[in-house]
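Structure, as structure tokens:
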Amino acid sequence: MNRKNTFKRLIVLALSFIGLLFESAVYGWLWFEKFYPSINNSNRGLKFYINGHVLIIAIYLVLLLFFASTYGGLKIGYLKPMDVIISLIVSTLIADTITYLQLSLMNNWLLDAVPFLMLLVIQVVIIIVWSLICDKIYHRIYPPRKVLLIHADRPYEDIVNKLNSREDRFIVTRCIHINEGIENIEKIIEDEFHTILLWDIDTPSRNKLLKFCYSKSIRVYMMPKIPDVLVKGAETVHLFDTPLLLTRESALSVEQRIAKRIFDIILSVILIILASPFMLITAIAIKLYDRGPVLYKQIRCTAGAKEFKILKFRSMSVDAEKDGVARLASKNDSRITPVGKFIRATRIDELPQLFNIFIGEMSFIGPRPERPEIIAQYVEKMPEFVFRMKMKAGLAGYAQVYGKYNTTPYDKLKLDLTYIENYSIWLDIKLMLLTLKIIVKPESTEGVDTTQTTAMKDESK
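Take any residue in the sequence shown, note its place counting from 1, add 15, and you have its number in our numbering.
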């Protein structure tokens, strides 16, 4: 069974890599036809031997592989086809841009951009066609898994709906309450299922089922609780022959805080300069629409519950909260102006927060800052919500990359704690790169559905 699965996985990896080879082959063709002759002429007969040509194409392939891996472009079948396509297009666009600048430096002047645009168009066609073909092959190799959902008293309809949205991967064929008895459930699993989902059951029962499934090589999906997330980020300590797990009392070390702050200052200055034309145009558009204020200032909380005024371009009408009640934006919210819809969808409304980052009130990456009154509501039913304020608030974060605007607070908390407990500079860089991708994903900016519970169920146990 393991050999068969290994072989299947190798096929999927090979399919992903072949797609990148096709893209690199197109780049290689244009290198020989367009780019190299141009560089050769501008440098008075600069000549590349075979090793030089191979190195140029290999560098491009490595760039493409790095960004495709970072953005999830190699996760054929795991992600929806459109997600894979978007990931590969973003990866290719970045790799092409870097390569264009690299070759322009070799040329001592900017190369003609038309061949690069032609390269991108051809590559996009390859990405779409190859991704759809690979997705079909993947689902022939890996048909949807029949899933047994084991639950307790907490409602489970939401997770079932989410699983049903991926019918290409999961089919929930049965839901059973843990009160049916461990022995009875184990028999059902062994007779009928190769995949189960443990949905908020008590810890002793969960541990028994995990051990049973592990012994039978049965796949287990599990909803983590807060302690699970904390333990996942723990450090293994080998002081003696008994292994220990260490969860630290502070989120970041002194060295990490210094490095993170230096990184924030340098990058915020660069981006403020680069984004200044867009911010000026946005400010003019907002002012011309309704003559109201350009910026929207709001009290938010950062590390240690310290309050500060977050800056945003105003996307709602001037009297959006005239009653003084804090409310999250809902789907098709009438308070959002036409200009606001555009700047929210493209995240331009967040650009003024670069100044919050520069003066040290925020960081580029971290848990998104919440309003004090909303935090108070969350903490009333979910005391662990304060854990996310162990780190400085961020312009973007783990919950924004892997969640949505309308992800429940309990799930956002677990995502933010995953970031805090697994922090590294590399994770910050990776999340910055991934933030570019979510800008083009509309579901990441969805408002809260009127039927959705964003809080305040007692979910924190």
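Note that CB positions come from ideal geometry on N, CA and C, so glycine has one too.
- Residue ranges of uninterrupted alpha helix (DSSP H) with 4 or more members, entirely inside the region 207-287 and ordered along the chain, are 218-230 and 241-247.
- I193 is positioned such that its CB atom lies closer than 8 Å to that of S220.
- For V162, the secondary structure class from DSSP, reduced to helix, strand or coil, is strand.
- Of the residues T210, P130 and V244, the one whose Cα lies closest to the Cα of C228 is T210.
- With contact defined as three or more Cβ pairs closer than 8 Å, the region 259-279 and the region 425-442 are in contact.
- The bridge partners DSSP lists for R189 are L163.
- Between E395 and V244, the CB-CB gap reaches or exceeds 8 Å.
- A distance below 8 Å separates the beta carbons of I165 and L212.
- Following the DSSP letters along the chain, one finds K324 in no alpha helix (DSSP H) but inside the beta strand (DSSP E) bounded by residues E322 to F328.
- Going by C-alpha positions, P52 is about 27 Å away from G34.
- For A360, the enclosing alpha helix (DSSP H) starts and ends at P353 to A360.
- Collapsing the DSSP output to three states places Y311 in a strand.
- Distance between M237 and L225, taken at the CA atoms: about 9 Å.
- G409 is bridged by DSSP to S378.
- Within the same chain, and ignoring the five residues on either side of L103 in sequence, the residues whose Cβ sits closer than 7 Å to its Cβ are A83, G88, I142 and S146.
- Looking at the DSSP output, L94 shares a beta bridge with I91.
- Looking at the DSSP output, C149 shares a beta bridge with no other residue.
- The continuous stretches of alpha helix (DSSP H) do not include G319, and DSSP gives it neither H nor E.
- Residue burial is scored here from C-beta neighbours: P424 has at least 16 other C-beta atoms within 10 angstroms and is therefore classed as buried.
- Taking C-alpha positions only, Y413 is separated from N55 by approximately 46 Å.
- Nearest in C-alpha terms to T251, of all of T262, S349 and P242, is T262.
- Nearest to I152 by alpha-carbon distance, out of R160, G92, V105 and L135, is G92.
- Annotation for L430: the continuous alpha helix (DSSP H) segment containing it runs P424 to E436.
- Looking at the backbone, the Cα of K202 and that of F402 are separated by about 40 Å.
- Within 10 angstroms of the beta-carbon of T112 lie fewer than 16 other beta-carbons, which makes it exposed.
- In the three-state reduction of the DSSP assignment, M447 falls in the helix class, which pools H, G and I.
- Comparing alpha carbon positions, the residue from L282, T218, D431 and T361 closest to P382 is D431.
- Around the CB of P353, fewer than 16 other CB atoms lie within 10 Å, so the residue is classed as exposed.
- Taken through DSSP and simplified to helix, strand or coil, M331 comes out as strand.
- Cβ contact annotation for L76 (same chain, cutoff 7 Å, sequence separation greater than five): L35 and S39, in chain order.
- Under the three-state reduction of DSSP, F47 is assigned to helix.
- For P384, there is no enclosing alpha helix (DSSP H), as DSSP marks it with neither H nor E.
- Only residues of its own chain outside the window of five on either side were considered, and among them L446, L449, T450 and I453 have a CB closer than 7 Å to the CB of V416, listed in chain order.
- In the structure shown, the three-state DSSP call for N194 is helix.
- With at least 16 other beta carbons inside 10 angstroms of its own, R329 counts as buried.
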